[in-house]
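Protein chains in written order, with my numbering: chain A, 1 to 226; chain B, 1 to 226.
There are 2 protein chains.
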Amino acid sequence: MELTNTILSLFPKLNDAKGKDGINILEHCQQMTIPEGTTIFHQGDQCLNYLLVISGSVKVITRAENGREIVLYHITSGGSCVLTTSCLISSEDYPAEGVTETDVLALAIPKPVFEQYMGESKAFRKQVFHSYGDRLIKLITLVEEISFAKLDIRLAKFLLEHGSVNTPIRTTHQVLATELGSAREVISRQLKEFENKGWVKLSRGKIEITNHDALATLLPLTKSFK
Amino acid sequence: MELTNTILSLFPKLNDAKGKDGINILEHCQQMTIPEGTTIFHQGDQCLNYLLVISGSVKVITRAENGREIVLYHITSGGSCVLTTSCLISSEDYPAEGVTETDVLALAIPKPVFEQYMGESKAFRKQVFHSYGDRLIKLITLVEEISFAKLDIRLAKFLLEHGSVNTPIRTTHQVLATELGSAREVISRQLKEFENKGWVKLSRGKIEITNHDALATLLPLTKSFK
DNA sequence: AGCGTTAAGTGATAATGTCACTTAAAACGC
DNA sequence: GCGTTTTAAGTGACATTATCACTTAACGCT
């Protein structure tokens with residue numbers, strides 16, 4: 001079946017995730033389609049499924065009292081929601097909120113099935129742990145960037161990762177600010193500076209990169225940039 | 001045995017962590033004593049054991065190129081090092097460094113034993129997952145605090161959590177700066193302000209809280225403060 | 001074309017970080 | 001005990017980022 005192949009290419013480990021009964025875990029999953037803009041979890045929620053994202057994107061954010069937000073990470077094709085997983089087990093409150101950024105196709109593994117396969121399939125455990133490790137590393141990298149990296153550098157990095165000379169970035173300054181944990185005005189000013197230098201061209205809801213190399217010279221030649 | 005009881009009181013789940021052979025996981029562990037100031041892991045290390053901390057404290061930090069550091073979290077009695085665990089499985093580079101802050105007594109579970117019990121003991125899995133969830137939540141909270149909370153509030157919170165009117169805090173401004181991801185000068189000035197208001201009394205290497213309630217009024221009445 | 005909505009710009013000010021120092025306290029060596 | 005070294009803390013000037021209270025501009029709709 002076509003979908004099954006897609007799933008297996010995204011989560012190769014699942015292929016080997018067979019229980020004692022020899023039944024592949026995929027037989028116990030349920031597909032879900034979630035429309036854009038849905039809050040799939042927020043602080044204090046209980047969670048009854050282990051979620052694997054087949055297509056689309058979920059952003060995980062945390063919010064300050066004054067309404068400022070910061071994106072912690074995105075869950076895209078092949079990712080799983082470790083935060084809800086952790087809540088499957090530890091049931092602590094988690095201080096974050098997950099919102100679909102696009103329509104999302106996900107695979108839901110019910111809690112009892114999840115627990116069964118965690119015990120029975122080493123491959124499945126590996127899959128789950130891998131996701132955890134990824135998130136931890138992403139979060140640590142985020143802390144590092146927020147604490148140490150200057151905003152112009154982080155902004156340049158974001159622009160280069162999300163656009164190029166002939167593919168403009170379609171987003172608002174507000175979204176960028178949330179993505180980088182800054183304030184809209186700060187982003188606007190920084191972008192304006194880039195524009196004054198002739199590195200980008202701005203218009204409402206759109207940022208065009210006009211000088212890729214100049215932007216790239218801002219970036220440090222370190223681990224954090226690939 | 002006395003030590004075993006200590007261990008079990010710290011990690012109650014381990015008591016139930018028996019393999020198929022009925023042998024408790026504790027039989028396969030090895031005790032380690034690690035002197036203060038030892039770097040137990042740093043970026044790129046491989047790790048061959050799952051580490052449980054029995055006594056003492058390990059700080060996990062990340063460092064900027066310019067030498068500034070920030071403490072990500074501490075592993076104390078009853079904690080385990082999920083970062084090395086994640087590297088037990090996923091073997092990605094982790095962007096952090098672990099240093100013992102005191103002499104540390106730890107239990108090392110060799111990788112094969114770890115994997116065996118992960119498969120065989122639900123209790124052990126719970127224990128491991130719980131640690132993971134804790135860390136994720138701590139890191140998310142840290143991101144939130146760094147991004148949104150003002151420094152005076154974070155500093156006040158730290159002071160109240162680590163000292164009281166008759167138990168002064170013995171530490172340097174530099175250590176505090178690292179703990180809060182700020183710069184020494186900023187901490188010094190902020191502390192000086194507190195001193196001018198009569199809330200604390202400063203001397204070299206020591207901070208005495210003289211007005212607990214005044215400090216406490218800075219803190220917001222939210223989730224992040226208990 | 002006019003209106004409401006959303007995106008972006010602006011100036012003033014506050015908070016925090018950075019740099020290049022100075023000053024002061026403790027620790028060490030003899 | 002006293003000078004020397006090391007470490008901790010203080011200081012002023014300046015850069016960066018955040019916040020606030022707006023204004024201006026672009027777009028989508030009827």
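Here a beta-carbon is modelled for each residue, glycine too, at the ideal position from N, C-alpha and C.
Assigned exposure category for residue i - 16 Cβ within 10 Å defines buried
i                         : result
cysteine 81 of chain A    : buried
serine 182 of chain B     : buried
arginine 135 of chain B   : buried
lysine 206 of chain B     : exposed
glycine 198 of chain B    : exposed
glycine 98 of chain A     : buried
threonine 178 of chain A  : buried
valine 200 of chain B     : buried
threonine 4 of chain B    : exposed
valine 165 of chain A     : exposed
asparagine 196 of chain B : exposed
histidine 212 of chain A  : exposed
glycine 163 of chain A    : buried
arginine 170 of chain B   : exposed
threonine 100 of chain B  : buried
glutamine 174 of chain A  : exposed
leucine 48 of chain B     : exposed
Residue i to residue j span [Cα, whole Å]
i                         : j                        : result
glutamine 116 of chain A  : isoleucine 23 of chain A : 12 Å
serine 147 of chain B     : tyrosine 73 of chain A   : 15 Å
serine 203 of chain A     : arginine 189 of chain A  : 14 Å
proline 35 of chain A     : leucine 107 of chain A   : 14 Å
valine 58 of chain A      : threonine 172 of chain B : 42 Å
leucine 8 of chain A      : isoleucine 54 of chain A : 10 Å
isoleucine 140 of chain B : leucine 105 of chain B   : 28 Å
glutamate 145 of chain A  : glutamate 161 of chain A : 15 Å
leucine 176 of chain A    : valine 60 of chain A     : 15 Å
threonine 76 of chain B   : glycine 56 of chain B    : 6 Å
threonine 102 of chain B  : threonine 84 of chain A  : 34 Å
threonine 6 of chain B    : leucine 191 of chain A   : 57 Å
leucine 219 of chain B    : isoleucine 70 of chain B : 22 Å
threonine 38 of chain B   : threonine 210 of chain A : 49 Å
alanine 216 of chain A    : tyrosine 50 of chain B   : 40 Å
threonine 62 of chain A   : arginine 154 of chain B  : 18 Å
lysine 150 of chain A     : aspartate 152 of chain B : 22 Å
leucine 10 of chain B     : glycine 78 of chain B    : 5 Å
isoleucine 40 of chain B  : threonine 33 of chain B  : 12 Å
The alpha helix (DSSP H) enclosing residue i, as first and last residue numbers
i                        : result
lysine 192 of chain B    : 184 to 196
leucine 155 of chain A   : 151 to 162
threonine 141 of chain A : 122 to 148
lysine 13 of chain B     : 12 to 16
alanine 216 of chain B   : 212 to 218
alanine 64 of chain A    : Alanine 64 of chain A -> no alpha helix (DSSP H), and no H or E assigned at all.
threonine 100 of chain A : It is not in any alpha helix (DSSP H) - threonine 100 of chain A instead sits in the beta strand (DSSP E) that spans 97 to 100.
glutamate 208 of chain B : First-last for glutamate 208 of chain B: 206 to 209, but that is the beta strand (DSSP E), not the alpha helix (DSSP H).
leucine 176 of chain B   : 173 to 180
Within-8 Å CB hit, residue i to chain A
i                         : result
alanine 156 of chain B    : no
threonine 62 of chain B   : yes
lysine 227 of chain B     : Outside the modelled stretch of chain B, which goes from 1 to 226, sits residue 227 of chain B, for which no answer is possible.
isoleucine 75 of chain B  : no
lysine 226 of chain B     : Any answer about lysine 226 of chain B is weak, because its pLDDT of 39 lies below 50 and its placement is not dependable; what the coordinates show is given next. Taking Cβ atoms only, chain A never reaches closer than 8 Å to lysine 226 of chain B, which makes this a no.
glutamate 144 of chain B  : yes
isoleucine 137 of chain B : yes
leucine 10 of chain B     : no
glycine 119 of chain B    : yes
lysine 122 of chain B     : yes
arginine 68 of chain B    : yes
leucine 72 of chain B     : yes
Residue i at chain B interface by Cβ criterion, 8 Å
i                         : result
serine 80 of chain A      : no
threonine 178 of chain A  : no
isoleucine 140 of chain A : yes
tyrosine 228 of chain A   : Residue numbering for chain A in the displayed model covers 1 to 226; residue 228 of chain A lies beyond these limits and cannot be assessed.
leucine 218 of chain A    : no
leucine 83 of chain A     : yes
serine 57 of chain A      : no
Span of the beta strand (DSSP E) around residue i
i                        : result
threonine 38 of chain B  : First-last for threonine 38 of chain B: undefined, no H or E at that position.
valine 200 of chain A    : 200 to 203
valine 233 of chain A    : Coverage of chain A is limited to positions 1 through 226, which leaves residue 233 of chain A absent and any answer about it impossible.
isoleucine 25 of chain B : Element bounds for isoleucine 25 of chain B: n/a, residue is neither H nor E.
tyrosine 94 of chain A   : Looking at the DSSP string, tyrosine 94 of chain A is not in any beta strand (DSSP E), and its letter there is neither H nor E.
leucine 105 of chain A   : 104 to 110
leucine 52 of chain B    : 49 to 55
- Message: If the cut-off is 7 Å on Cβ atoms, which residues from the segment 95 to 112 of chain B count as contacting chain A, listed in chain order?
- Response: Correct list: Pro95, Ala96.
- Output, in sequence order along the chain, the residues in the segment 183 to 215 of chain A whose CB is closer than 7 Å to any CB in chain B. Result list empty, no residue passes.
- Message: Please list, in chain order, the residues of the segment 23 to 42 of chain B that have any C-beta partner in chain A closer than 9 Å.
- Response: So the list is empty, because no residue satisfies the distance condition.
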